[in-house]
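Presented below is the structure to which this report refers.
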Amino acid sequence: MTRLAQTADLTDVQIEILRTVRDFVNKEIIPHAQRLEHDDAYPQDIVDGMKEMGLFGLMIPEEYGGLGESLLTYALVVEEIARGWMSVSGVINTHFIVAYMLRQHGTAEQKRHYLPKMATGEIRGAFSMSEPDLGSDVAAIKTRARRDGSDYVVDGSKMWLTNGGSSTLIALLAKTDEGADTPYRNLTTFLVDKPAGFGEVRPGLTIPGKIDKMGYKGVDTTEAVFDGLRIGADQILGGTPGRGFSHMMDGVEVGRVNVSARACGIAIRAFELAVEYAQQRKTFGKPIAEHQAIAFKLAEMGTKVEAAHLMMVNAARLKDAGQRNDVEAGMAKLLASEFCAEVTQDAFRIHGGYGYSKEYEIERLMREAPFLLIGEGTSEIQKTIISRGLLREYKSRG
Ligand SMILES: Cc1cc2nc3c(=O)[nH]c(=O)nc-3n(C[C@H](O)[C@H](O)[C@H](O)COP(=O)(O)OP(=O)(O)OC[C@H]3O[C@@H](n4cnc5c(N)ncnc54)[C@H](O)[C@@H]3O)c2cc1C
């Protein structure tokens, strides 16, 4: 695509990275995505290729062996990758959030220990807030870490860990009861090392197996059961207990830009497929693109692709400029994920009966798009964040 979803004022380095990634996506991801997805197969060759390109260290500072790129670069890379196959962006997303949290909040020792190995992809991150009984209501977390000498002992169940099996480091949010009067300050993030795999991966930690999902296949999503896991107090992110909620929210905020970027990528691909099909398929003596109803659909789809991209870029640039972007990231996530679902649905309709066939890419996109309405906070949660921010900003003086 040459016209839609362009980004102004990129550096030569950003342009070069995006060109390389786009080439990789066209050659190494799109031709294999459909088969791998239908087989629910982990895309090991693609992951190895991403390691070679240094994508696991894209935002990790150069002093720790990463490429030291901005959130904008990361988001644009994710958009390209999700255009090929969303699950591949899922492989790097939790890793990126954990690396970002370490970069922002880790102790000097934690950064020295983890970031160089995360930059090469040798250590791979997952993050764990959600539990069987909660997702949106993070403050209600039940998984508990009880102090015992110089250790903590963790008990509880976690749900929906993306990369739960393939990761080797979990950023875990648990309740530590600091005696604070708000639940938000009684939560702590722990850095839990583990080997990749399933079953009892270390004493006190079991990763039961992959959750069977409707889409977002290939990448493993798991539960995690903590039963007396012993972990040193030095594994608290940043060294001080009680700060876990704000650490995680910081991570989720950049995660929201990333989810917006994924939604943009899927919407771009859905548009590309639809605009091509609409010019090939003929009904009543002419290509369906020449029926005004279909042409107008394409116009609306293109407009949504463009709007979502611009909002995502704006949210990323704000964060890169060191400004607060909670409202803008929430808006970008809300708009991009809702538009993605709509554009994908329209592309599906344009394909007629063939859209329902597993031979056509659009059936996969139809199963992937709904996840973006949920991950990193549902649309309702985004509206809560946006309205709170706006009411703060536009506080009545009356
Ligand atoms: C494939 C997949 C991967 C995931 N990966 C991760 C991961 O890596 N790490 C992780 O920690 N979590 C992960 N999650 C969990 C995800 O973040 C949660 O599913 C999400 O936050 C929603 O939480 P919930 O499912 O508990 O829904 P609930 O919070 O139970 O919400 C149910 C419904 O109620 C609505 N609702 C809830 N509260 C309100 C309110 N106050 N006002 C209005 N409406 C409300 C919601 O919008 C939703 O429609 C993943 C989920 C999926 C499906």
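First residue of the sequence shown: 134, per the working numbering; consecutive thereafter. Glycine included, each C-beta is placed from N, C-alpha and C at the ideal position. Model, not experiment: these values are computed from the prediction.
**Item:** Own chain residues within Cβ distance below 6 angstroms of residue 497, not counting five before or after
**Value:** Within the sequence shown, residue 497 is the residue found at index 364, counting from 1. 170, listed in sequence order.
**Prompt:** Looking only at C-alpha atoms, which of 353, 271 and 149 sits nearest to residue 305?
**Reply:** Here the question's residue 305 lines up with position 172 in the sequence shown. The residue with the shortest Cα to Cα distance from residue 305 is 271.
**Request:** Check whether the Cβ of residue 262 sits closer than 8 angstroms to any heavy atom of ligand 1, and report yes or no.
**Result:** Position 129 of the sequence shown, counted from the first residue, corresponds to residue 262. Yes, ligand 1 has a heavy atom inside 8 angstroms of this Cβ.
**Prompt:** Relative to ligand 2, is the shortest distance from any of its heavy atoms to the C-beta of residue 509 smaller than 8 angstroms?
**Reply:** Of the ligands one can find in the structure shown, namely ligand 1, none is ligand 2.
**Prompt:** Sorry if obvious, but does the Cβ on residue 293 come closer than 8 angstroms to a heavy atom of ligand 1?
**Reply:** In the sequence shown, counting from the first residue as 1, residue 293 sits at position 160. For ligand 1, at least one heavy atom lies less than 8 angstroms from the Cβ of residue 293.
**Prompt:** Do you know how far the Cα of residue 482 is from the Cα of residue 488?
**Reply:** The residue you call residue 488 lines up with position 355 of the sequence shown. The residue you call residue 482 lines up with position 349 of the sequence shown. Residue 488 and residue 482: Cα-Cα distance of roughly 7 angstroms.
**Asked** Expressed to the nearest angstrom, what Euclidean distance is found between the alpha-carbon atoms of residue 421 and residue 411?
**Response** As a position in the sequence shown, residue 421 is number 288, starting the count at 1. As a position in the sequence shown, residue 411 is number 278, starting the count at 1. Rounded to the nearest angstrom, the two C-alpha atoms are 5 angstroms apart.
**Request:** Assuming residue 157 and residue 251 form a contact by the criterion Cβ under 8 angstroms, report the distance between their Cβ atoms to the nearest whole angstrom.
**Result:** As a position in the sequence shown, residue 157 is number 24, starting the count at 1. As a position in the sequence shown, residue 251 is number 118, starting the count at 1. About 21 angstroms; that fails the 8 angstroms criterion.
**Prompt:** In terms of residue numbering, what span does the beta strand (DSSP E) encompassing residue 307 cover?
**Reply:** Counted from its first residue, the sequence shown places residue 307 at position 174. Where residue 307 is concerned, the enclosing beta strand (DSSP E) stretches over 302–308.
**Item:** Nearest-angstrom Cα separation, counted from residue 480 out to residue 197
**Value:** Position 64 of the sequence shown holds residue 197. Position 347 of the sequence shown holds residue 480. For residue 197 and residue 480, the distance between alpha carbons rounds to 43 angstroms.
**Prompt:** Can the beta-carbon of residue 296 be found less than 9 angstroms from the beta-carbon of residue 228?
**Reply:** Within the sequence shown, residue 296 is the residue found at index 163, counting from 1. Within the sequence shown, residue 228 is the residue found at index 95, counting from 1. Contact: yes.
**Item:** Assigned exposure category for residue 146 - 16 Cβ within 10 Å defines buried
**Value:** Position 13 of the sequence shown holds residue 146. Label assigned to residue 146: exposed.
**Message:** DSSP three-state label for residue 143, please.
**Reply:** The count along the sequence shown starts at 1 and reaches residue 143 at position 10. Of the three classes helix, strand and coil, the one that applies to residue 143 here is coil, per DSSP.
**Prompt:** For residue 448, which residues from the same chain have a beta carbon less than 6 angstroms from its beta carbon, with the 5 sequence-adjacent residues on both sides left out?
**Reply:** To locate residue 448, count along the sequence shown from 1; it is residue 315. The residues are 390, 458, 461, 462 and 465.
**Prompt:** Can you find at least 3 beta carbon pairs, one from the segment 467–475 and one from the segment 397–411, that sit closer than 8 angstroms?
**Reply:** yes
**Message:** Which residues does DSSP list as the beta-bridge partners of residue 285?
**Reply:** Position 152 of the sequence shown, counted from the first residue, corresponds to residue 285. Paired residue(s): 280 and 364.
**contact_flag[the segment 354–374, the segment 502–521] where n(CB pairs < 8 angstroms) is 3 or more** = no
**Request:** Let me know the alpha helix (DSSP H) ranges lying completely inside the segment 234–274, each 4 residues or longer, listed in chain order.
**Result:** 241–253
**Message:** To the nearest angstrom, how far is the alpha carbon of residue 382 from that of residue 416?
**Reply:** Sequence index remark: in the sequence shown, residue 382 carries index 249 (1-based). Sequence index remark: in the sequence shown, residue 416 carries index 283 (1-based). If I take the Cα positions, the gap works out to 51 angstroms.
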